[in-house]
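Heads up: the sequence shown begins at 1 in full-length UniProt numbering, then just goes up one per residue. Glycine included, each C-beta is placed from N, C-alpha and C at the ideal position. Source: prediction; values computed, not measured. Working notes for the structure below.
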Amino acid sequence: MTISIWRYSHLALAVSSFLFLALASLTGIILAFQPISEKIQPYRSENFDQADLSQVLPVLRSKYPGITDISVDANEFILVNGSDEKGEKLSVYVDPLTGKILGTAGEKNEFFEWVTGLHRSLFLHEAGRFVVGLTAFLLVLITISGIILILQRQRGVKRFFAKIQRDHFAQYYHVVTGRLSLIPILILALTGTFLSLERFGLFNTTFKSQEIDFDALKSGPPANISDFAIFKKTKVSQLQSIEFPFSQDVEDFYTLKLKDRELTVNQITGEVITQTAYPLPLIISKLSLNLHTGRADGIWAAVLALASANILFFIYSGFTITLRRRSNRIKNKFKADQSEFIILVGSENGSTFYFASAIHQQLIAAGKTAYLTELNSYTHYAAAKHIIVMTATYGLGDAPTNAAGFQAKLIKYPQTGPIDFSVVGFGSHAYPDFCKFAFEVNNLLAQQPWASPLLEIYTVNDKSPEQFNQWAADWSQHAEVPTTLSAGPLKPRQQRKQPMLVMNTTQVHSNGEAFLIRFRPKRRQKFSSGDLLAIYPAADHRERLYSIGKIGKEIQLSVKLHANGLGSTYLARLKAGDSIQACLLQNPDFHLPPNVPAVLMICNGTGIAPFLGMIDQLSPKTNAHLYCGFRGEASFQLYKQALEESRTSNKLNGLHIAYSREGRKEYVKDMLERDRSLIADVLVSKGVIMLCGSLSMQNNVSTLLEQVCQNQLGKSLSYYQSRSQVLMDCY
Numbered sequence: 001m002t003i004s005i006w007r008y009s010h011l012a013l014a015v016s017s018f019l020f021l022a023l024a025s026l027t028g029i030i031l032a033f034q035p036i037s038e039k040i041q042p043y044r045s046e047n048f049d050q051a052d053l054s055q056v057l058p059v060l061r062s063k064y065p066g067i068t069d070i071s072v073d074a075n076e077f078i079l080v081n082g083s084d085e086k087g088e089k090l091s092v093y094v095d096p097l098t099g100k101i102l103g104t105a106g107e108k109n110e111f112f113e114w115v116t117g118l119h120r121s122l123f124l125h126e127a128g129r130f131v132v133g134l135t136a137f138l139l140v141l142i143t144i145s146g147i148i149l150i151l152q153r154q155r156g157v158k159r160f161f162a163k164i165q166r167d168h169f170a171q172y173y174h175v176v177t178g179r180l181s182l183i184p185i186l187i188l189a190l191t192g193t194f195l196s197l198e199r200f201g202l203f204n205t206t207f208k209s210q211e212i213d214f215d216a217l218k219s220g221p222p223a224n225i226s227d228f229a230i231f232k233k234t235k236v237s238q239l240q241s242i243e244f245p246f247s248q249d250v251e252d253f254y255t256l257k258l259k260d261r262e263l264t265v266n267q268i269t270g271e272v273i274t275q276t277a278y279p280l281p282l283i284i285s286k287l288s289l290n291l292h293t294g295r296a297d298g299i300w301a302a303v304l305a306l307a308s309a310n311i312l313f314f315i316y317s318g319f320t321i322t323l324r325r326r327s328n329r330i331k332n333k334f335k336a337d338q339s340e341f342i343i344l345v346g347s348e349n350g351s352t353f354y355f356a357s358a359i360h361q362q363l364i365a366a367g368k369t370a371y372l373t374e375l376n377s378y379t380h381y382a383a384a385k386h387i388i389v390m391t392a393t394y395g396l397g398d399a400p401t402n403a404a405g406f407q408a409k410l411i412k413y414p415q416t417g418p419i420d421f422s423v424v425g426f427g428s429h430a431y432p433d434f435c436k437f438a439f440e441v442n443n444l445l446a447q448q449p450w451a452s453p454l455l456e457i458y459t460v461n462d463k464s465p466e467q468f469n470q471w472a473a474d475w476s477q478h479a480e481v482p483t484t485l486s487a488g489p490l491k492p493r494q495q496r497k498q499p500m501l502v503m504n505t506t507q508v509h510s511n512g513e514a515f516l517i518r519f520r521p522k523r524r525q526k527f528s529s530g531d532l533l534a535i536y537p538a539a540d541h542r543e544r545l546y547s548i549g550k551i552g553k554e555i556q557l558s559v560k561l562h563a564n565g566l567g568s569t570y571l572a573r574l575k576a577g578d579s580i581q582a583c584l585l586q587n588p589d590f591h592l593p594p595n596v597p598a599v600l601m602i603c604n605g606t607g608i609a610p611f612l613g614m615i616d617q618l619s620p621k622t623n624a625h626l627y628c629g630f631r632g633e634a635s636f637q638l639y640k641q642a643l644e645e646s647r648t649s650n651k652l653n654g655l656h657i658a659y660s661r662e663g664r665k666e667y668v669k670d671m672l673e674r675d676r677s678l679i680a681d682v683l684v685s686k687g688v689i690m691l692c693g694s695l696s697m698q699n700n701v702s703t704l705l706e707q708v709c710q711n712q713l714g715k716s717l718s719y720y721q722s723r724s725q726v727l728m729d730c731y
C-alpha cells in the first residue's frame, strides 16, 4: 500500500503540473544558453583572482576621472561606470590592473529578456509568478516521490546506483536519467521555490545599512588610497560593487558591497566607518539565483540545460509508462465462477501481464474457459481446476502493489474442490531477493488442503522468453492443454536436437523398477549436473524431461519404468551403442554453487540422479550430506556402490537413507526432523539445501524447512529461497 501511495502521488503531481513544467523546462533550456553565451565573451581579465582593491582603484581612478562605481557581475567581468572626458556616459569592461578597455557594455538581449519574462511569470504578472512558484514546489514533491520509488525499486540506499532491471525503453531510461539528473533537478526545484517565496515576502531579504555618525568622522591624517588597509585585504574577486564618493568632502565615502557584507570607508583616512553583514535569507537568495540560472558558471548552466531537457523526457516517458500500464487492463471472455483456469498476476509495472495474457489467449484459443485477474482480486472460484500464479517481486522482497492483499484473501476464500496450481516467479538475479514473493506464494499455496502443485515453482530471470517458454511447455504437458506461443518475443526458439550415444544401461525387469542409463553427446557441449535432457520418444512434439547427473563426460539418467510410460518405456528399450536425438537444456537454478561450504541433498526415488553427479564433483572441504528415500533396500541397491565409494573418498560426510516399506517405515522428512540443528547450521554458514524428487516429498520437506527457518533462524523459507540457498527441482 505504501508503494502504491507514493506511485499514485508521483503520477498525480506530474499530471497536475506537466503543462507548466513543460513550459518552464523549455524556456529553462533556452535561458541556460544566456550565461553560456556571455561566458565566452573576452571580458574577463587574467588578473581577476590576484588583484586587490589597493592595486586596482588608483589605476582606474587615474585612468577614468569621471568614475562613479565599479561592479563585478556573475561572469567576473569588471564594469566601470561613469563619464568620459567629454562628459559622455561611460560603461566599459576593463582589465583591473591596467585599466585597458576590454569591451563596451551593450543592451540586454531582447530575446532572452522576453523568454525570462515568460519563464518567471507567463506574462501574467503576480498571478503568473504564483503559478510558476507552485509548479516549482510541485517539482520538489515529484522529485522526492521519485527518489522514494527508486529506493523501493533498488532495495535501499546502498543499491541506489546498482544495475536496473530493464522492462522497456521508457521505464528504463525514466529511472536511469532520473538518477543522473536527480541533484540538478532538485536544486532547480528548491531554488525556484525559494525565489518565488521570496518574491511574495515569505522570506525577509531586506537589508538596512548601519547609520553613520557624521559627527564622529575623522578628516585626518590623510592616507593614499593604495595604503587603505581594507583595500589591501580585499580581493577584486570578493567584490560585488564599489561606489565612489561624489565629492572630496569627508561626509562622502566609499561604499563596498562584498559577497557577505557591506562596508563604508572614509575616503580620507581609509578607516572602516560601518560594516554590516548580510542577513542569511539574502545570502541564500543570491546563492539560489546563481544556482537556478547558472549565471556564475557556464558548465553548471549546461548541466541545468540537460536537466531541463530531462524533465521534458520525464513527462514523455512517465505518460508512456502510465499508458502502458493502462493498456494491460484485463479483458475476460468468461466470468470467474465459470472458468476452469484462473490466472492470477502480481505486477508492479505491468510487464508480467504480457506473459500472463499470452497464456490466457492460448487457453481461450484451445477452447478452455479461463479468467485473468490480479492477485489482490483473489476470491472463491466455483469451477476452477487449475490456478496459475505469475508474479514479480518488488522492493525488498515485497509483494507488488496489486498482490499485497493476496495472503489475507487466500485465508478468507478457501476453495472447495481439489485444484492444481503452478507458480511462475519473475525477477532478476541482479537483486538479492530474487523472486522472493513468488516463493512465498508457492509455499502458501502448498499449505492449503485443497491445493496440489502441478509443477515445481519456475523462476524467470530478466523476463527470459526461453525460460518462460520452458515453463509453458512443461505446464502444457502436465495440464494436457496445448499451448503455442507463436508471436512476438514469446515465440520459443527452435531447440537444437543432437545425437546422443547410449554408453551403457542397467537391466530393468518389471514396472516400477528403476534403472540407470548413460549417454555421451556426439558433439561437444557444456552441461552440468542439474541440467535437463529433453527426449522425444514418439518423434513428434511431445517432450519428456529428465534431470541429469554429469559423470565424467557422460550424462546419467535415473529412470523409473512406468507401465505405458511414453518416456520410460522408450529409454528402457535402448541398448549400448544405440543413438537418439535429444536436447540438453540448461537449468542454472539447480546447479551446485561453486565453493559452497555445506550442502544438504534431499531426494526420493529417481530424484537422486543429479546428486550422483554433484557428489562426484564435490570437494572434500564441503560438508555434504545426502538424505534419500526409497521403498525398500532393493531399490537402493542400484546406487549403493557409487554412494559408498563417495563416503570412502570423503566426498560425502553423511548418507541418510529412509525406507518407507521396510524397517522403521519412515520418510525423508522424518530423518530431517531429527537433524533440525544441521539444517539451521547449513543455512547460517551460507550453505545450500537442494531438493529433487516428487512434489509430495517437496511439500512435506518444505513445511519442515519453513518451521526450522521461522523458529530457529527467525526468517522465512522464501528468504533463503530468494538467495539461492534453498534450491528445488521437483516433478
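- Three or more Cβ pairs closer than 8 Å define a contact, and the region 379-398 meets that threshold against the region 416-433.
- Cβ neighbours of Q267 within its own chain (closer than 7 Å, five residues either side excluded): P245, D252, F253 and Y254.
- Comparing alpha-carbon positions, the option among L454, F130 and V265 lying closest to L202 turns out to be F130.
- Separation of L533 and Q586 (C-alpha to C-alpha, rounded to the nearest whole angstrom) is 9 Å.
- Sixteen is the threshold: since fewer than 16 other Cβ atoms of the shown chains lie within 10 Å of the Cβ of N224, the residue is exposed.
- By a beta-carbon distance limit of 8 Å, G99 does not contact V157. Their separation comes to about 55 Å.
- Along the region 193-238, the alpha helix (DSSP H) occurs as fully enclosed runs of 4 or more residues at 229-232, listed in sequence order.
- Annotation: V250 to V265 spans about 10 Å, alpha carbon to alpha carbon.
- With distances taken between CA atoms, P221 lies nearest to G270 out of F527, G270 and S677.
- A residue is called buried once 16 or more other Cβ atoms fall within 10 Å of its Cβ, and G367, having fewer, is exposed.
- Runs of alpha helix (DSSP H) with 4 or more residues, each lying fully within the region 667-723, are found at 668-674, 676-684, 695-708 and 717-722, listed in chain order.
- Within the same chain, Cβ atoms closer than 6 Å to the Cβ of S45 are found at D95 and P96, the five residues on either side in sequence being excluded.
- Membership of K550 in the beta strand (DSSP E) is indicated by the continuous run G549 to I551.
- In this structure, the straight-line span from the alpha carbon of I311 to that of Q41 is close to 30 Å.
- Taking the C-beta atoms as reference points, I36 is found no nearer than 8 Å to S308.
- Of I315, R647 and F334, the smallest CA-CA separation from Q171 is found for I315.
- DSSP places E374 inside the beta strand (DSSP E), whose first and last residues are A370 to E374.
- By the neighbour-count criterion, in which a residue is buried when 16 or more other Cβ atoms sit within 10 angstroms of its Cβ, Q721 is buried.
- For S288, same chain residues with a beta-carbon under 6 Å away, outside a window of 5 residues either side, are T191, F194 and L195 in chain order.
- Only exposed fits S237, as fewer than 16 other CB atoms lie within 10 angstroms of its CB.
- Approximately 20 Å separates the beta-carbon atoms of K218 and S54; this is outside 8 Å, ruling out the contact.
- The secondary-structure analysis by DSSP pairs C603 across a beta bridge with C628 and C692.
- Under the three-pair Cβ rule at 8 Å, the region 685-692 does not count as touching the region 646-658.
- Nearest Cα to L90 within the set N109, G66 and E113: G66.
- Taking the Cα positions, P620 is about 50 Å away from H174.
- Minimum Cα-Cα distance from Y536 among the listed residues E513, T569 and Q248 corresponds to T569.
- CA-to-CA, the gap between A105 and R120 works out to about 25 Å.
- In the three-state reduction of the DSSP assignment, I342 falls in the strand class.
- The three-state reading of DSSP puts L652 in coil, since its state is none of H, G, I, E or B.
- Inter-residue distance for N711 and I457 is about 24 Å (C-alpha atoms, whole angstroms).
- The C-beta distance from Q698 to M671 rounds to 15 Å, too long to fall under 8 Å, and the pair is not in contact.
- By the CB criterion at 8 Å, L678 and L652 fall outside the cutoff.
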